[in-house]
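Undergrad:
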Amino acid sequence: MIPKSYRKMHDEYPQYMQAYEAFGKAAKEAGPLSEREVALVKLAISIGSALEGATHSHCRKALEAGCTPEDLRHVAMVSAPTIGFPTMMRARSWVEDVLTKREYQ
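Per full-length UniProt numbering: the sequence shown = residues 1 to 105.
#1: Are the beta-carbon atoms belonging to V41 and L33 less than 9 Å from one another?
#2: Determine the direct distance from the alpha carbon of G84 to that of A26, and round the result to whole angstroms.
#3: What's the gap between the Cα of Q15 and the Cα of M9?
#4: State the CB to CB distance for the pair V95 and A44, rounded to an integer number of angstroms; the pair is presumed to be in contact (CB under 8 Å).
#5: Tell me which residues share the same chain as M88 and place their Cβ nearer than 7 Å to its Cβ, disregarding the 5 neighbours each side in the sequence.
#6: Taking S46 as part of the alpha helix (DSSP H), name the residues at either end of that continuous run.
Structure below.
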């Protein structure tokens, strides 16, 4: 599911969004990480940056890349020593938002 605000940006600034997406694709293809590994890294970055929307988005993308619900939960949990337990718990709730919506229990 593509968020409404993202679709709106595409409608209003198509060249900008094409360049943005090409940049993301080039970054992904610049190294040896698999699609699954890239998805987990991007999820971890979103969690570490405390970005709720990005965490939701990267959870969905990680699932599409073949990650399991336990993979996503583990990424959240291993962030605790770096970002702190309360912050990890908040991020884990964002992971659960996506998993609950997709009926992963």
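Cβ atoms here follow ideal geometry from the backbone N, Cα and C, with glycine treated the same way.
TA: Working from what's here:
#1: Contact: yes.
#2: 32 Å
#3: Taking the straight line joining both Cα atoms gives about 10 Å.
#4: Not confirmed; about 11 Å, so no contact.
#5: In its chain, beyond the 5 residues on either side, A76, M77, S79 and A80 have a beta carbon closer than 7 Å to the beta carbon of M88.
#6: E35 to G48
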